[in-house]
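Before any comments, here is the structure.
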Amino acid sequence: MISRVVTALKKNDFHIATFFGSNTCFDLIAKNQNITLAIKIYENIDSIRKEQGEELKKLGQTINATCLIIGEKTKVFNLKDDTVYNRYDIQTITSKAFEKVLDHETLPSKYFKGKYIVDMDFNELKRKREKLNISLQELANRIGVATDTMNRFERGSSTSLETAKKLEHELDENLVKEIDILGKHPHKKDFDDEPNERLLEKVHDIGLKMALFNHSPFKAIGSSDHNLFITTGKGKFDIPKKALELKKASTVVNSDSIIVTTEYKYKNIDGVPVIEESDLETISKLKDLKKI
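Residues are numbered in this note's numbering as their position in the sequence shown, beginning at 1, plus a constant of 2.
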């Protein structure tokens, strides 16, 4: 499933950074000329915890990315390849459905409260019915529903794909609304979380607003001219490993990154600045941090 998703992204000219880990809120970030994606991949989508879902949405709001969950089943049933599901208000689809979306195919139905439904263009439905001079009752009879049900359709009620197709046939009109997968992303938001870790507190005190994360390869994303990926580290093994993760994330979304530590002999690892606590104490303004 993972290779299928990565292959589909590469085919569509996405730059990709992968972060596969059992406790992360996302597994990869991908970006092309038009869109940034933050994706969590889990075969059983019921295995995704609420805190992971909330942080995935928060990441999308911070870096202006479309969030997706890709999986194949729940604890009860297998997911359909033509349907959009939902976990923690995040659109959820199969890997095959993801390939379809990238190939500009539409997914007609969504799963809501145990039912597979579609949304219709109710204004167009009413306009075409009146243009053809068909009464509500007559059209209802033709497709086998009650007149009250037909009236609800014209006021925006959802229905099954089968019923919608019957209406399209009777009116010779496309009525089913396309579900916008890639275009749906949270509005960008500037967070100002209060860190409870000393090194992050020092960065925050300089004047850098930040969104904090507990389930990601970084501990915070600072909000300035560009997003700033931030983490803390300690020691000759930990810091280079974290620098690699930050480098991957910041490269894909064209952002900056820093590692904050109590003490380290190198000031830079593969383009990622390493800032010692003593250096932070000499900085009083955000513009001075940016110079680093």
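All C-beta atoms, glycine included, are put in the ideal place defined by N, C-alpha and C. This one's a predicted model, so the numbers in the text were calculated from it and none came from an experiment.
From the options, residue whose alpha carbon lies closest to that of residue i
{"i": "Thr234", "options": "Leu282, Ser225, Ile50", "result": "Leu282"}
{"i": "Ala251", "options": "Gly62, Ile31, Phe114, Thr76", "result": "Ile31"}
{"i": "Ile87", "options": "Leu109, Asp105, Ala67, Lys102", "result": "What sits at residue 87 in the sequence shown is Tyr, not Ile. Tyr87 has its Cα closest to that of Leu109, out of Leu109, Asp105, Ala67, Lys102."}
{"i": "Ile145", "options": "Lys133, Asn135, Thr161", "result": "Thr161"}
{"i": "Pro242", "options": "Ser226, Asn256, Pro219", "result": "Pro219"}
{"i": "Lys221", "options": "Ile208, Leu248, Glu279, Gly209", "result": "Leu248"}
{"i": "Val255", "options": "Glu196, Thr284, Thr20", "result": "Thr20"}
{"i": "Asn1", "options": "Arg6, Ile92, Glu45", "result": "Because the chain here runs from 3 to 294, residue 1 falls outside it and cannot be looked at."}
{"i": "Arg89", "options": "Ile50, Thr38, Ile271", "result": "Ile50"}
{"i": "Val178", "options": "Ser159, Ala40, Arg6, Lys269", "result": "Ser159"}
{"i": "His217", "options": "Lys128, Leu141, Ser5, Lys60", "result": "Lys60"}
{"i": "Gly116", "options": "Thr76, Glu107, Ile136", "result": "Thr76"}
{"i": "Glu180", "options": "Ile41, Leu163, Met152, Leu214", "result": "Leu163"}
{"i": "Lys128", "options": "Lys102, Thr253, Leu169", "result": "Leu169"}
Three-state secondary structure assigned by DSSP to residue i
{"i": "Glu278", "result": "strand"}
{"i": "Ala222", "result": "strand"}
{"i": "Ile232", "result": "strand"}
{"i": "Gln93", "result": "strand"}
{"i": "Ser160", "result": "coil"}
{"i": "His217", "result": "coil"}
{"i": "Asn143", "result": "helix"}
{"i": "Val78", "result": "coil"}
{"i": "Lys204", "result": "helix"}
{"i": "Ala67", "result": "coil"}
{"i": "Leu39", "result": "strand"}
{"i": "Pro100", "result": "The question names Pro, but residue 100 is Phe in the sequence shown. Three-state DSSP puts Phe100 in a helix."}
{"i": "Ile183", "result": "coil"}
{"i": "Lys33", "result": "strand"}
{"i": "Asn256", "result": "coil"}
{"i": "His17", "result": "strand"}
{"i": "Met3", "result": "coil"}
{"i": "Thr85", "result": "strand"}
{"i": "Asn125", "result": "helix"}
{"i": "Phe114", "result": "strand"}
{"i": "Ile285", "result": "coil"}
{"i": "Lys130", "result": "helix"}
{"i": "Ile47", "result": "helix"}
{"i": "Lys211", "result": "strand"}
{"i": "Thr108", "result": "coil"}
{"i": "Ile136", "result": "coil"}
CB-CB length for residue i against residue j, believed under 8 Å
{"i": "Asp121", "j": "Lys98", "result": "That belief does not hold up - the Cβ atoms of Asp121 and Lys98 are roughly 22 Å apart, past 8 Å."}
{"i": "Val276", "j": "Thr263", "result": "6 Å"}
{"i": "Leu58", "j": "Cys27", "result": "5 Å"}
{"i": "Phe114", "j": "Arg157", "result": "Not quite, the Cβ-Cβ distance comes to about 18 Å (not below 8 Å), so this is no contact."}
{"i": "Asn34", "j": "Asp15", "result": "5 Å"}
{"i": "Ile43", "j": "Ile72", "result": "5 Å"}
{"i": "Lys167", "j": "Gln63", "result": "That belief does not hold up - the Cβ atoms of Lys167 and Gln63 are roughly 37 Å apart, past 8 Å."}
{"i": "Lys104", "j": "Gly209", "result": "Note that residue 104 is Leu in the sequence shown, not Lys. Not a contact, Cβ separation roughly 40 Å."}
{"i": "Val7", "j": "Ile41", "result": "7 Å"}
Alpha-carbon to alpha-carbon, residue j and residue i
{"i": "Ile119", "j": "Ile261", "result": "47 Å"}
{"i": "Lys1", "j": "Met212", "result": "Nothing about residue 1 can be read from this structure; the chain reaches only from 3 to 294."}
{"i": "Ala245", "j": "Thr96", "result": "32 Å"}
{"i": "Arg154", "j": "Val147", "result": "11 Å"}
{"i": "Leu138", "j": "Glu126", "result": "14 Å"}
{"i": "Gly55", "j": "Asp192", "result": "19 Å"}
{"i": "Asn36", "j": "Ile183", "result": "13 Å"}
{"i": "Glu172", "j": "Met3", "result": "40 Å"}
{"i": "Lys267", "j": "Glu278", "result": "9 Å"}
{"i": "Asn111", "j": "Phe22", "result": "At residue 111 the sequence reads Ser, which differs from the Asn that was named. C-alpha separation (whole angstroms): 30 Å."}
{"i": "Asp240", "j": "Phe100", "result": "35 Å"}
{"i": "Leu230", "j": "Asp91", "result": "26 Å"}
{"i": "Ser257", "j": "Asp272", "result": "15 Å"}
{"i": "Glu74", "j": "Thr38", "result": "23 Å"}
{"i": "Ser5", "j": "His106", "result": "20 Å"}
{"i": "Asp207", "j": "Asp29", "result": "31 Å"}
{"i": "Ile18", "j": "Val274", "result": "19 Å"}
{"i": "Asn2", "j": "Asn176", "result": "For residue 2 there is no data in the structure shown, the boundaries of the chain being 3 and 294."}
{"i": "Glu53", "j": "Ile232", "result": "20 Å"}
{"i": "Thr94", "j": "Asn25", "result": "19 Å"}
{"i": "Asn143", "j": "Asp174", "result": "17 Å"}
{"i": "Arg131", "j": "Asp195", "result": "53 Å"}
{"i": "Ala67", "j": "Ser225", "result": "15 Å"}
Distance cut-off 7 Å: residue i Cβ against heavy atoms of the ligand ATP
{"i": "Tyr87", "result": "Summarising the ligand content, the structure contains no ligands, and the ligand ATP is consequently not present."}
Cβ contact check for the region 9-18 and the region 196-206: 3 or more pairs under 8 Å: Counting Cβ pairs under 8 Å, fewer than three are found: no touch.
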